[in-house]
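Enquirer: Using my numbering, read the sequence shown as starting at 147 and increasing by one per residue.
Handing you this structure, nothing more for now.
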Amino acid sequence: MDYIHTCVIGGGVVGLAVARNLATYGRDIVVLDKELKYGQGVSSRNSEVIHAGIYYPPKSLKAELCVRGKQLLYEYCEEHQVEYKRCGKLIVATEAAEEEKLSEILENADANGVLDLEFWSSRKIKAEEPNVRATLALFSPSTGVISSHDLMTSYLADIEACGGVFIGGSLVRGIEPVNERFVVNCDLGGESYTFECSVLVNSAGLGAQTIAENIAGLEQGVVPKLHYCKGNYFVFAGKSPFSHLIYPVPERSGAGLGVHATIDIAGQVKFGPDVEYIETESYKVSDNRLDDYYKAVRRYFPSLGDSQLTPGYVGIRPKLQGPNEPPKDYVIQTEKEHNIPGLVQLFGIESPGLTSSLAIAEEVRLAVSEVY
């Protein structure tokens, strides 16, 4: 039976970041993904924003890993010539009742160590963003955008430079811990393949719970329930009316940041995502939500024309909280939780997962530091 020291299941931005980190220590490593190409899941269906770390509860993993990850990511992009734009973001209040919420966001950001936010008056907003209607705004200068595909391509190049490999079209069927190793059985192009590894990282995104269910002897009570949370994106027709990313005050439920405007690396503006809990994966844009989008966007962009939004794409967040439940943090599960040496599992890695990817990789490396 073949032996590979480390196996990472999941070839998204976080899985690749983890594999890249571990590959630098000279161990042989393989990244498996059920799709033929890397980054075809959650990582390719998001807003592609480098987040500042503003909203998340202080001392939460989301807050700490986002703030750390942001720094690491900007440094990585500079060192590896991955294109990004530190364009900044405005969180806008469109009425006096929302202004108090901006003060709460500022306090939370301060608690997270994000100290560069500043208030913009309505006059300042009008001067900088003439198409935006707002009574007050918070400006975040360290927020940016990036091509998630380019970032993942760079991560993979680093992995391969260290001798690691990515194998697409690999469906994991079963995992059995045996004598401090893992026997991994998977389908490769329709053929069964079994190998052993010493370290196993479950970074399968929407499929992480399914992978966990296939680990023999794992107490299923430690596996958090997965909730599919669909988010629709609609594309703006025309030249960007904004210079910065524009975000409304976040939703009261905490499930999302509101229908916001982002500008990708190519200059294309898209609005979204919204929050729609679903039972099964569906990547069809919910056209019936278009009217709701016009209404939401016109709160801060009143000149939006009647035919300027067209269906774009759908992303599904792997949330750990269900509808009407308070937000839940990332789960980075190690031997302390499940009593299986060498196994690290990542659950609920939604936004700001892209921003946090390099910091999450550091956490995983620490979790297996006895063999790295």
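Ideal placement from N, C-alpha and C gives every residue a C-beta, glycine not left out.
In this text, all values refer to a predicted model and were calculated from it rather than measured experimentally.
Under 8 Å, do Tyr149 and Phe341 count as touching if we go by C-beta distance?
Expert: yes
Enquirer: Rounded to the nearest angstrom, what separates Lys247 and Phe285 at their Cα positions?
Expert: 14 Å
Enquirer: With distances taken Cα to Cα, identify the nearest neighbour of Gly377 among Pro464, Tyr230, Val159, Ile506.
Expert: Nearest in C-alpha terms to Gly377, of all of Pro464, Tyr230, Val159, Ile506, is Pro464.
Enquirer: With a threshold of 8 Å, are at least 3 pairs of Cβ atoms found where one atom belongs to the region 353-366 and the other to the region 474-491?
Expert: yes
Enquirer: Please decide whether Glu245 counts as near chain D, where near means a Cβ-Cβ distance under 8 Å.
Expert: Note that chain D does not occur in the displayed structure, where there is just one protein chain.
Enquirer: Tell me the rounded alpha-carbon separation between Val329 and Val347.
Expert: Whole-angstrom Cα-Cα distance: 13 Å.
Enquirer: Is Leu492 near Pro370, with beta carbons less than 8 Å apart?
Expert: no
Enquirer: Kindly identify the DSSP beta-bridge partner or partners of Lys216.
Expert: DSSP output for Lys216 lists no bridge partner at all.
Enquirer: Would you tell me roughly how many angstroms separate the C-alpha atoms of Phe417 and Tyr339, rounded to the nearest one?
Expert: 43 Å
Enquirer: With H, G and I counted as helix, E and B as strand and the rest as coil, what does DSSP make of Glu236?
Expert: For the sequence presented, residue 236 should be read as Leu rather than Glu. Here Leu236 sits in strand by DSSP.
Enquirer: At what residues does the alpha helix (DSSP H) containing Val510 begin and finish?
Expert: 499-513
Enquirer: Can you have a look at Met298 and say buried or exposed, based on whether 16 or more other CB atoms are within 10 angstroms of its CB?
Expert: buried
Enquirer: For Ala442, does the three-state DSSP call read helix, strand or coil?
Expert: helix
Enquirer: Considering Cα atoms alone, identify which of Asp438, Ala407, Val188, Asp304 is closest to Lys235.
Expert: Ala407
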